[in-house]
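A.B. asks: Residues -21 to -1, 1 to 528, numbered by mature numbering (1 follows the signal peptide of the UniProt record, and there is no 0), are exactly what the sequence shown covers, in order. Below: one structure in structure tokens.
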Amino acid sequence: MNKKLMAAAVMCSLMSTTALAANPIPTFDKEAVTTHPYNRTGQQEQQVEGMQEAGEVYKPGNTGTEANPAFFVSKVKLTGFTLPDKNGKLAAICKEYEGRSLQMAELQQLISRINEYARTCGYTVAQAIVPPQEVKQGELEIAVYVAKYDDIEIISNESDVADRVLAGYIHKNLQSGAYIMDKPLEMTMNNINDLPGVVARAILAPGSKPGTTKVKVQVLRRPVWNNYVFTDNAGGYYSGRYRYGFNTEINNPGHQGDKIILNGMLTNHDTKNYGARYEAPVGRDGTRWGIGWSQSSYDLNTNSFYNSLGQSRGFSFYGLTPVYRDRMNRVTAIYGYDHRKIKDRLQLKAAGLAGIELTTEKMANVYHAGISGSQYLPNRFSQYSLIYWYGNLSGGGKSLEGDYHKLTSDLLHVIYDGKTNYRVQLSGQIANRNLDGSEMFYLGGMNGVRAYGASDGSGDIGFTATAEVRRQTGIKGLEAAAFIDTGAVKSHNAALIQHLSGWGVGLRYNLDNSWHAQLDYARKINAQRDRVEPRDHSGHMWFQLYKMF
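Rendered as structure tokens:
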């Protein structure tokens, strides 16, 4: 049966997409990254599964109706752009509609499925149509078109990053005349959005020639709330429990996506830390390099026999390079080098020994390389890292001097379920030998087993695990929490494995771009005596307060 079939009756709308992959909120600590992750309450995209509506299932001998006519199709022939046939999926789609009478509604369904298949192959703007034709011997032609880039231009730039820098990112991966693919377009937008103070989006519009699409890029200025002051009681008993600090970022001083970071902290026991960093993009693939300088000092009235004093200085080089990125997943290579000089002094003050000072000077060169990643799914968020460290220490004593190797890992997974969210966090470390105190793994503290003091339970090999449930209270930004922490640690020169565990309750308060507060009370499970404080406690209270501006 031959019928005249017009393409206009079944043409679908040209697909257009906003190529914007949102970044995690700029964060002042690891926790804040997960407060409002991108797409945490988003809905999954609806996919056409190819199932027909009730009443439209093919029946042998079906010739359609006047409102929904049918015609016999023996073969579906695809012309135009050749789509890759992954594992025969495209051929299988076409075969479902061959060797039978096809209603017009089913034809539209076939077109939709081919369009959806083209999207799964990564073609951002793809369109299947039925061209005007006379169906002979049941052979139906469907033409496939995939758009190419026409002009790619920045139509506005309100950020502090220079136009030439933004243009370099765009034209590195996107060229006029190339087919428009999801991956390079999304990666380009991701790399631009990773620049400090920048948010960009791509608008797709009809091109000047048939089969082309114009890309218009809008760049806006994004406020960065990484300037803050804070106070908490996460410090150690001797170094100073109460800490006060600040962090400030100066974005784009050179108008090229660079930034300067300044930070400082002091405690109520005369411990001071401060540092400065400068980082900038290198190339146009999302790579960033940075250099940093830091200094710390302490003066501890440890006991009636001696005082502990010390000072350290460090220089750092660090970098990151994107490995894989799309709207939901990020994998980044991280690497760096640290040079540290440490001078510790022990001033004796016991009778007959007053005035004697013992000095130890150490120097360390440490290299690291690893991966860091995140995944954003509807109502789920995951973050992870795996880092290898190689270092060389001199001046720390025979048991510590020389080369060492260690591997550290972190994992955070959050599930959102209405007003409740569930969190699991794991951290661990393995090492090949005894480590200096600055490289050890610690169990106790605000970010570990919260029932024990900061730095309680130390060793070369160890892990901590936390499970936490949070529930919205009805007060904006305020959540109630219940948690359980556990961990174990071991030193290479000791057979004993230390186990610490605890449970607790707390409150979390987040006012976007303004305040962050946390309050926890934790009690011990199978209580072990505190090792880092002179008095034993059944539990610990922790607080943290940040003000962003």
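For each residue, glycine too, the CB sits at the ideal point set by N, CA and C. Bear in mind that the values here come from a model prediction, so they are computed numbers and not experimental data.
Just verifying my parser: in three-state terms, what is the DSSP assignment at Leu414?
C.D. replies: Correct three-state label for Leu414: coil.
A.B. asks: Determine the closest residue to Tyr102 out of His150, Ala157, Ser80, Gly374, with distance taken between C-alpha atoms.
C.D. replies: Minimum Cα distance to Tyr102 is reached at Ala157.
A.B. asks: Give the secondary structure of Arg98 by DSSP, where H, G and I count as helix, E and B as strand, and everything else as coil.
C.D. replies: If DSSP states are grouped into helix, strand and coil, Arg98 belongs with the helices.
A.B. asks: So, Tyr369 versus Gln326, is the Cβ gap smaller than 8 Å?
C.D. replies: Taking 8 Å as the Cβ cut-off, Tyr369 and Gln326 do not qualify as a contacting pair.
A.B. asks: If I'm right that Lys322 touches Gly289 with Cβ under 8 Å, what's the distance once you round it to whole angstroms?
C.D. replies: 6 Å between Cβ atoms; contact.
A.B. asks: Hey, out of Glu458, Glu512, Trp482, whose CA is closest to His495's CA?
C.D. replies: Out of Glu458, Glu512, Trp482, Glu458 has the C-alpha closest to the C-alpha of His495.
A.B. asks: Evaluate the contact criterion for the segment 349 to 358 versus the segment 291 to 310: three or more CB pairs, one atom per stretch, below 8 Å.
C.D. replies: Touching, yes.
A.B. asks: Can you tell me whether residue 529 is buried or exposed? The criterion is at least 16 other CB atoms within 10 Å of its CB, across all chains shown.
C.D. replies: Missing from the structure shown is residue 529; the chain here goes from -21 to 528 and no further.
A.B. asks: Please classify Tyr76 as buried or exposed, where buried requires at least 16 other C-beta atoms within 10 Å of its C-beta.
C.D. replies: Classification for Tyr76: buried.
A.B. asks: Beta-carbon separation of Pro301 and Asn170 under 8 Å?
C.D. replies: Yes; because the gap between Cβ atoms is below 8 Å, this pair is in contact.
A.B. asks: Taking only the alpha-carbon atoms, compute the straight-line gap between Trp521 and Phe462 and give it to the nearest angstrom.
C.D. replies: Roughly 14 Å separates the two Cα atoms.
A.B. asks: Mind checking which residues open and close the beta strand (DSSP E) that includes Leu356?
C.D. replies: 336 to 356 is the span of the beta strand (DSSP E), which, as asked, contains Leu356.
A.B. asks: Taking only beta-carbon atoms, is His519 less than 8 Å away from chain D?
C.D. replies: Absent from the structure is chain D; it holds one protein chain and no more.
A.B. asks: Below 7 Å CB to CB, which residues in the same chain sit around Leu245 once its five sequence neighbours on both sides are set aside?
C.D. replies: Only Tyr223, Lys251 meet the Cβ criterion.
A.B. asks: Taking DSSP as the reference, what is the three-state secondary structure of Thr452?
C.D. replies: Three-state result, Thr452: coil.
A.B. asks: What do you get for Phe360, buried or exposed, if any count of 16 or more other CB atoms within 10 angstroms of its CB means buried?
C.D. replies: So Phe360 counts as buried.
A.B. asks: Applying the criterion that 16 or more other CB atoms from any shown protein chain within 10 Å of the CB defines a buried residue, is Ser373 buried or exposed?
C.D. replies: Exposed, because fewer than 16 other Cβ atoms sit within 10 Å of the Cβ of Ser373.
A.B. asks: So, is Tyr303 buried or exposed, given that buried needs 16 or more other C-beta atoms within 10 angstroms?
C.D. replies: Result: exposed.
A.B. asks: Would you mind sorting Gln25 into buried or exposed? The rule is 16 or more other CB atoms within 10 Å of its CB.
C.D. replies: Confidence at Gln25 is low in this model, with a pLDDT of 31, below 50, so its placement is unreliable and no value can be given for it.
A.B. asks: So does the segment 197 to 206 actually touch the segment 125 to 136, counting three or more Cβ pairs closer than 8 Å?
C.D. replies: Contact between the segment 197 to 206 and the segment 125 to 136 is present, because at least three Cβ pairs lie under 8 Å.
A.B. asks: Within a Cβ cutoff of 6 Å, which residues of the same chain sit near Asn247, ignoring the five residues on either side of it in sequence?
C.D. replies: Closer than 6 Å at Cβ, skipping near neighbours: Gly219, Tyr221.
A.B. asks: When the Cα atoms are used, what is the spatial distance from Lys193 to Ala146?
C.D. replies: So the alpha carbons of these two residues sit roughly 15 Å apart.
A.B. asks: I'd like to know whether the C-beta atoms of Thr210 and Leu524 end up nearer to each other than 8 Å.
C.D. replies: Their beta carbons are under 8 Å apart, which means Thr210 touches Leu524 by this criterion.
A.B. asks: Got a sec, what are the start and stop residues for the beta strand (DSSP E) Val203 sits in?
C.D. replies: Note, Val203: premise wrong, no beta strand (DSSP E); not H, not E.
A.B. asks: How many whole angstroms separate the CB atoms of Lys65 and Glu118, which I take to be in contact at a CB cut-off of 8 Å?
C.D. replies: Not a contact, Cβ separation roughly 24 Å.
A.B. asks: Rounded to whole angstroms, what is the Cα-Cα separation between Arg502 and Ser276?
C.D. replies: For Arg502 and Ser276, the distance between alpha carbons rounds to 32 Å.
A.B. asks: Could you have a look at Leu332 and say whether DSSP puts it in helix, strand or coil?
C.D. replies: If DSSP states are grouped into helix, strand and coil, Leu332 belongs with coil.
A.B. asks: Just to check my reading of the structure: Gly466 and Asp415 have Cβ atoms closer than 8 Å, yes? What is that Cβ distance to the nearest angstrom?
C.D. replies: Actually they are not in contact, since the Cβ atoms of Gly466 and Asp415 sit about 20 Å apart, beyond 8 Å.
A.B. asks: May I ask you to report which of helix, strand or coil DSSP gives Gln88?
C.D. replies: In this structure, Gln88 counts as helix in the three-state DSSP scheme.
A.B. asks: Quick check on the burial criterion: 16 or more other C-beta atoms within 10 angstroms. Buried or exposed for Asp130?
C.D. replies: When all chains shown are included, Asp130 counts as exposed.
A.B. asks: Taking Asn505 as the reference, which of Gln477, Lys398, Pro63, Arg319 has the closest Cα?
C.D. replies: Taking only the C-alpha atoms, the option nearest Asn505 is Gln477.
A.B. asks: Could you tell me if Asp515 is buried or exposed, where buried requires 16 or more neighbouring beta carbons within 10 angstroms of its beta carbon?
C.D. replies: So Asp515 counts as exposed.
A.B. asks: Can you pull the DSSP bridge partners for Leu422?
C.D. replies: For Leu422, which the question treats as bridged, DSSP gives no partner whatsoever.
A.B. asks: When you compare only the Cα positions, how much space is there between Phe294 and Ala333?
C.D. replies: Near 35 Å, if we compare the C-alpha coordinates of Ala333 and Phe294.
A.B. asks: Locate the beta strand (DSSP E) running through Ile121, then write down its first and last residues.
C.D. replies: That run of the beta strand (DSSP E) goes 118 to 125.
A.B. asks: Could you tell me the distance, in whole angstroms, from the CA atom of Tyr314 to the CA atom of Ala329?
C.D. replies: Roughly 46 Å separates the two Cα atoms.
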